[in-house]
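Engineer: One structure follows; several queries about it will come next.
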Amino acid sequence: MPGYWQDPLIFLFSTLFKLAIVLFWVRVIVVLNSRDRFDPLLRSIVQLTEPVLAPLRKIIPRYRGHELAALLVLLVLQIGFYFAITAISGLRIPLPLLPQFALADLTILVLNVYTVVILIQVVLSWISPNQYPPAALLLFRLSGPILDRARRMLPDTGMIDFSPLLVLLVIQVLKRLIAPLGTGL
1 MPGYWQDPLI FLFSTLFKLA IVLFWVRVIV VLNSRDRFDP LLRSIVQLTE
51 PVLAPLRKII PRYRGHELAA LLVLLVLQIG FYFAITAISG LRIPLPLLPQ
101 FALADLTILV LNVYTVVILI QVVLSWISPN QYPPAALLLF RLSGPILDRA
151 RRMLPDTGMI DFSPLLVLLV IQVLKRLIAP LGTGL
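Numbering (the numbering used here), first residue to last: 1 to 185.
Below, the structure written as structure tokens:
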């Protein structure tokens with residue numbers, strides 16, 4: 001379907017699918033790391049994703065706090081994204097490689113989310129240390145467990161926290177290792 005509408009349709013479908021995928025990734029990560037059910041942002045995320053996850057959870061229960069139903073939704077959304085893009089653009093993706101591409105591209109996307117979250121968190125710490133807007137708490141819940149592990153690995157340097165730098169470095173290396181396994185769409 002090459003033509004006038006191809007690029008805008010690819011942009012629209014790409015944006016919608018990736019927003020949905022990021023929403024479910026955030027649900028998986030935040031619910032795993034947070035016990036605060038009264039946080040308005042967390043409640044919004046749960047309310048947006050619960051209509052999809054509630055029926056699936058009857059078939060696929062949680063396992064050790066992990067939202068397996070949400071992980072399945074992520075995989076289905078990513079594969080649906082491939083089908084939408086291939087239908088619009090005429091690209092062909094080999095079906096046997098679809099799971100590999102989906103897992104690689106989902107991993108790249110979550111690594112990109114972590115990169116953005118950590119960079120925003122670093123900028124917030126420079127602008128107004130110890131005074132954060134309520135939305136920043138969600139960022140801390142997303143990146144906190146990873147940054148805490150990095151802090152334990154690094155020596156104490158006083159006022160300068162090098163853990164975001166270490167995590168961002170590891171994320172970039174992982175992205176370069178995983179990118180050849182995905183589609184890059």
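For each residue, glycine too, the CB sits at the ideal point set by N, CA and C.
If we ignore side chains and look at the alpha-carbon of each, how far apart do Ile178 and Pro133 end up?
Structural biologist: Counted from its first residue, the sequence shown places residue 178 at position 178. Counted from its first residue, the sequence shown places residue 133 at position 133. Between Ile178 and Pro133, the C-alpha separation is close to 34 Å.
Engineer: Assuming Ala104 and Gly182 make a contact with CB atoms under 8 Å, what is their CB distance in whole Å?
Structural biologist: Walking along the sequence shown from the start, residue 104 turns up at place 104. Walking along the sequence shown from the start, residue 182 turns up at place 182. 3 Å between Cβ atoms; contact.
Engineer: To the nearest angstrom, report how far apart Trp126 and Arg176 are at their CA atoms.
Structural biologist: Mapped onto the sequence shown, residue 126 falls at position 126. Mapped onto the sequence shown, residue 176 falls at position 176. Each residue's alpha carbon lies about 29 Å from the other.
Engineer: Exposed or buried, which one is Thr49 when buried takes at least 16 other CB atoms within 10 Å?
Structural biologist: One-based indexing of the sequence shown puts residue 49 at position 49. The residue in question, Thr49, is buried, as its Cβ has 16 or more Cβ neighbours within 10 Å.
Engineer: Of the choices Arg27, Leu56, Ser14 and Asp148, whose alpha-carbon is the least far from that of Val184?
Structural biologist: Here residue 184 corresponds to residue number 184 of the sequence shown, with the count starting at 1. Rather than Val, the amino acid found at residue 184 in this sequence is Gly. Answer by Cα proximity: Ser14.
Engineer: Does the Cβ of Ile118 have 16 or more other Cβ atoms within 10 Å, making it buried, or fewer, making it exposed?
Structural biologist: Counting from 1 along the sequence shown, the entry for residue 118 is found at position 118. So Ile118 counts as buried.
Engineer: Around the Cβ of Ala54, are there at least 16 other Cβ atoms within 10 angstroms (buried) or fewer (exposed)?
Structural biologist: If you number the sequence shown from 1, residue 54 lands on position 54. Exposed.
Engineer: From which residue to which residue does the alpha helix (DSSP H) around Asn130 run?
Structural biologist: The sequence position of residue 130 within the sequence shown is 130, counting from 1. Premise fails: Asn130 is in no alpha helix (DSSP H) and is neither H nor E.
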